[in-house]
Amino acid sequence: MKRKWKCIGALALGLTLVLGQGMPAFATENVKQGTYQGNGIVTQNETYQVSFITNGHTTVDVFYGRDYTINPDVIGAQTTEARSDGEIDVSGNGQVNFRVNVDSGYEIESVTADANYKNLKGASDTGVEGIYRLTKITGNVNVTINVRESSRDTGAREDIVINEIESNGDATDWVEIYNKGTKPVDISGWYITDDNTGRLASNKTTPLAQGTILAPGGHYVFDQYVNFDFGLGAPDEVNLFDETGRLVEKYSWSTHAAGVYARIPDGTGAFTDVANSTKGTGNVMTEPDKPSYPNAIAWPGSDKVITYDDGISMFQSDSSGLDFYNGKLYCINNKKGTFWVLDVNKDGTMDYSEGFTKAGKNLAFMADAANPEESNPDAEGITVDDAGNAYAAVERDNNNKNVNCNVILKFNPWENSPTVVASSEWDITRLLPDVPANSGIEAVEWVPDNELEGKLYDTNKNGLYRASDYPDSEAGVFFVALEANGHVYAFILNKDGNAEVISEIDPGIGGAMALDYDSYEGILWVGADDGYGNISAQIVFNGTDKPAVTLVNPPAEMDVTRNNEGFAIAGPEYTVNGLRPVFHFMDGTDTGVLTISYLSCNYNPDDKKPELPDDKKPGSSDTGKPGFPDTGDTNSFTALGILLIAAAGATGSVVIVRHSKKNV
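Right, here's the structure in full:
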């Protein structure tokens, strides 16, 4: 039952201001259990206090009638007096009507009440902007009013764009956004995902903290392991969401950038593959600071380079390592440790070996034997010993990408299973320098003992290497290339899972991504990627603690921007007209992965290995360049349909090894 009362002091709404920002102003209303008496007097049994708490820049008008114009008490910098012309509900369903006034340049962010009421209605219910109605008050209530700088003074969400993306190369993946507008934008609660847009629900991405403002012309970087806990792959995408979950912008790519994907110029330009990142600062197109190698010699062979899988997909993106053994090319990928074996035919074609298809096989850690399909080794390199055992160089577990974990896995590539579990493992992380997670070992190369005894200096023994000093080891020496410093380490792998470093070599190229030992010439090749202009180094073990090193430029027709991470030389019996195929494997794409160049070779099928004069031997200090002859065996290596072209600067013809149609 509701009544109008004109009895001053009988029932009233009392309003009191407590001065100071963040302090409550009280509106006390007799809203419940008033007792009506026939003489027009209501006896107060209890009153309830409504407190308004603000963060400043605010006043509140309290009204006693629903027309919101009669007798307002303004809660400002004064104490209001009690009034008696409000509407009193003696049945206990009292209410308070109030308007929130904010200073110029500010706007209401939220109006909330804590307890002892049924509804807090806003303008959509009252029909008047800024008017709120608190109904059915049954106890003390705190109303909290938060305001913020007005959106009239801030920019729009459309002013924020994705500006730069690092998905493969830095210690972490990251995404930079940019405010291309002229006003600040509140990006509180914003977050990113990759192509899995459910990352927020699975707690793999963290919204930005309240109060995060991006100034005009400013950059903000979402960094892996700070703002999100997943990796960016290829193909993949970045999605930028605001605090409501609305998509602001997205960018997708099919292959990793050689450098980073960046807008040139900031905010408005198209995404471009830029060599140098500018994380958190303005994007600029600059030439990369390539190292120079003034003492490097010309490629000792043909200038020609051909692409074997041009326009077709034989492998997968993120291909890394190669090795050539017994007429077969072994290939490995750094996602899931996928590997393939190809038969290299004497007519210049290649076919998947028996048991292999385009899908390849996956490699698994020993610890994942129970669930091998869940294993995800970041396998960067592959090598094969003379017994046909394969070994993979792994720099981390892709299921824990933020931790460097350098491991060599031994496995049987011919196992009849889509996923092959390693039979032995050697964790060599502690034996190498501490490096970022994605800068660990990139290659492994097995070299037989008879190639190294009396030639390789063993720092463990302070003398020349002897296999008999390591009776409990796997046969041979395993050379490992470390990306971070470009050094090559010689390892003994013991059968009990332990390992020893017996030599460390700096080839002087800055980065090392590939290894291949050419037993025909007695040379250990070290290959670098596009960050180092695809330079190579030849290492010849000479029986001293300082092996001979010769730097070699890539073939003239090699695209030095290719991210080549695999390098393998065909057996000398594949020589045609004095030229021997060399295979290169590119990371970051799934077509045009495999290219072939050619080295000069003096292979003679009637001679096992010709002996060269000392001053012509590869890596001799007299000439500083390898002693490859100008011509070689002219034994036919061609068949119908194989294309021959003249090799620039070389005698005879070069076989361009093309895929056969059955491989397409």
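The sequence shown lines up with residues 523 to 1186 when you count with this note's numbering.
All C-beta atoms in this analysis are idealised placements derived from N, C-alpha and C, irrespective of residue type, glycine included.
None of the values given here were measured: they were computed from a predicted structure.
>> Output needed for Glu603: all residues of its chain with C-beta closer than 7 Å, excluding positions within five of it in sequence on either side, in chain order.
In response: Reading the sequence shown from its first residue, position 81 is the one you call residue 603. In this predicted model, Glu603 has a pLDDT of only 31, less than 50, meaning its place in the structure is not dependable; the value taken from the coordinates is given anyway. Here the set comprises nothing.
> To which residues of the same chain is Val663 closer than 6 Å at the C-beta, ignoring the five residues directly before and after it?
Replying inline: As a first step, residue 663 must be located in the sequence shown, where it is residue number 141. Counting only Cβ-Cβ distances below 6 Å, and skipping sequence neighbours, we find Val572, Ala635, Asn638 and Tyr639.
> What is the rounded straight-line gap between the Cα of Thr581 and the Cα of Ser632?
Replying inline: Numbered from 1 along the sequence shown, position 59 holds the residue referred to as residue 581. Numbered from 1 along the sequence shown, position 110 holds the residue referred to as residue 632. C-alpha separation (whole angstroms): 14 Å.
> Do Leu931 and Ala901 have their CB atoms nearer than 9 Å?
Replying inline: Start at 1 with the first residue of the sequence shown, and residue 931 comes out as number 409. Start at 1 with the first residue of the sequence shown, and residue 901 comes out as number 379. Cβ distance < 9 Å, so Leu931 and Ala901 count as in contact.
> Which stretch, first to last residue, makes up the beta strand (DSSP E) that contains Trp968?
Replying inline: Taking the first residue of the sequence shown as 1, we reach residue 968 at position 446. Looking at the DSSP string, the run of the beta strand (DSSP E) that includes Trp968 is Ile963 to Val969.
> Looking at the structure shown, is Gly1093 part of a helix, part of a strand, or coil, going by DSSP?
Replying inline: Against the sequence shown, residue 1093 aligns to sequence position 571. Coil.
>> Quick check: Val1023 and Leu1037, are their CB atoms within less than 9 Å of each other?
In response: Residue numbering aside, residue 1023 sits at position 501 when the sequence shown is read from its first letter. Residue numbering aside, residue 1037 sits at position 515 when the sequence shown is read from its first letter. In this structure, Leu1037 does not lie closer than 9 Å to Val1023 by Cβ.
>> Tell me the DSSP secondary structure of Arg952 in three-state form.
In response: By 1-based counting over the sequence shown, the position of residue 952 is 430. Of the three classes helix, strand and coil, the one that applies to Arg952 here is helix, per DSSP.
> Is there contact here, the segment 919 to 928 with the segment 968 to 979, by at least three beta-carbon pairs under 8 Å?
Replying inline: no
>> Which residue wins for smallest C-alpha separation from Lys1068, given the options Leu986, Thr1083 and Gly740?
In response: Numbered from 1 along the sequence shown, position 546 holds the residue referred to as residue 1068. Comparing Cα positions, the closest option is Leu986.
> Is it a yes or a no for the segment 843 to 854 touching the segment 815 to 832, going by three-plus beta-carbon pairs under 8 Å?
Replying inline: no
> Between which two residues does the beta strand (DSSP E) harbouring His1106 extend?
Replying inline: Working through the sequence shown from its first residue, we reach residue 1106 at position 584. Secondary structure note for His1106: its beta strand (DSSP E) is the uninterrupted segment Leu1101 to Met1108.
> So what does DSSP say about Met888, is it helix, strand or coil?
Replying inline: Start at 1 with the first residue of the sequence shown, and residue 888 comes out as number 366. Helix at Met888.
>> With the cut-off set at 9 Å, would you say Ala886 and Gly859 are in Cβ contact?
In response: What you label residue 886 is simply residue 364 of the sequence shown in a count that begins at 1. What you label residue 859 is simply residue 337 of the sequence shown in a count that begins at 1. Going by C-beta atoms, Ala886 is nearer than 9 Å to Gly859.
>> So, for Asp758: in the same chain, excluding its five sequence neighbours on each side, which residues have a beta-carbon less than 6 Å away from its beta-carbon?
In response: In the sequence shown, residue 758 corresponds to position 236, counting from 1. Answer for Asp758: Asp716 and Asp717, listed in chain order.
> Based on the DSSP secondary-structure assignment, which residues constitute the bridge partners of Glu1043?
Replying inline: Indexing the sequence shown from 1 puts residue 1043 at position 521. Paired residues: none, contrary to the question.
>> In whole angstroms, give me the CA-to-CA distance for Ser710 and Pro729.
In response: As a position in the sequence shown, residue 710 is number 188, starting the count at 1. As a position in the sequence shown, residue 729 is number 207, starting the count at 1. Cα to Cα, the separation comes out at about 7 Å.
> Roughly how many whole angstroms lie between the Cα atoms of Gly652 and Ala678?
Replying inline: For the purposes of this step, residue 652 is taken as residue 130 along the sequence shown, with counting starting at 1. For the purposes of this step, residue 678 is taken as residue 156 along the sequence shown, with counting starting at 1. Roughly 23 Å between the two C-alpha positions.
> If you check the beta carbons only, do Asp907 and Gly833 fall under 9 Å apart?
Replying inline: Looking up residue 907 in the sequence shown gives position 385. Looking up residue 833 in the sequence shown gives position 311. For Asp907 and Gly833, no; Cβs fall outside 9 Å.
> Straight-line CA distance for Ala1187 to Asn668?
Replying inline: In this structure the chain extends from 523 to 1186, so residue 1187 is not present and cannot be described.
> Just reading off the beta strand (DSSP E) that Ser1119 is part of, what are its end residues?
Replying inline: Walking along the sequence shown from the start, residue 1119 turns up at place 597. First-last of the beta strand (DSSP E) with Ser1119: Leu1116 to Ser1122.
> How big is the Cα-Cα spacing for Ser1143 and Pro813?
Replying inline: Within the sequence shown, residue 1143 is the residue found at index 621, counting from 1. Within the sequence shown, residue 813 is the residue found at index 291, counting from 1. In this prediction, Ser1143 has a pLDDT of 35, which is less than 50 and means its spatial position is unreliable; what the coordinates show is noted afterwards. The straight-line gap from Cα to Cα measures roughly 24 Å.
> Which residues in the same chain as Glu1079 place their Cβ atom closer than 7 Å to its Cβ, once the five residues preceding and following it in sequence are excluded?
Replying inline: Your numbering for residue 1079 matches position 557 in the sequence shown. Hits under 7 Å: Asp825, Lys826 and Val827.
> What number of angstroms, rounded off, separates the C-alpha of Gly1154 from the C-alpha of Gly1019?
Replying inline: Residue 1154 sits at position 632 when you count from the first residue of the sequence shown. Residue 1019 sits at position 497 when you count from the first residue of the sequence shown. Per-residue confidence for Gly1154 stands at a pLDDT of 33, beneath the threshold of 50, marking its modelled position as unreliable; no derived number is given.
> Which partner residues of Cys853 appear in the DSSP bridge assignment?
Replying inline: Residue numbering aside, residue 853 sits at position 331 when the sequence shown is read from its first letter. Note: Cys853 sits in a beta bridge opposite Leu844 and Trp862.
> Does the distance from the C-beta atom of Pro935 to that of Tyr852 stay below 9 Å?
Replying inline: In the sequence shown, residue 935 corresponds to position 413, counting from 1. In the sequence shown, residue 852 corresponds to position 330, counting from 1. Yes, they are a contact pair.
> Excluding the five sequence neighbours on either side, which residues of its own chain have a C-beta within less than 8 Å of the C-beta of Tyr1096, listed in chain order?
Replying inline: Reading the sequence shown from its first residue, position 574 is the one you call residue 1096. In its chain, beyond the 5 residues on either side, Val866, Lys868, Arg1102, Pro1103 and Phe1159 have a beta carbon closer than 8 Å to the beta carbon of Tyr1096.
> For Leu736, which residues does DSSP report across the bridge?
Replying inline: Residue mapping note: residue 736 aligns to position 214 of the sequence shown, counting from 1. In DSSP, Leu736 forms a bridge with Val707.
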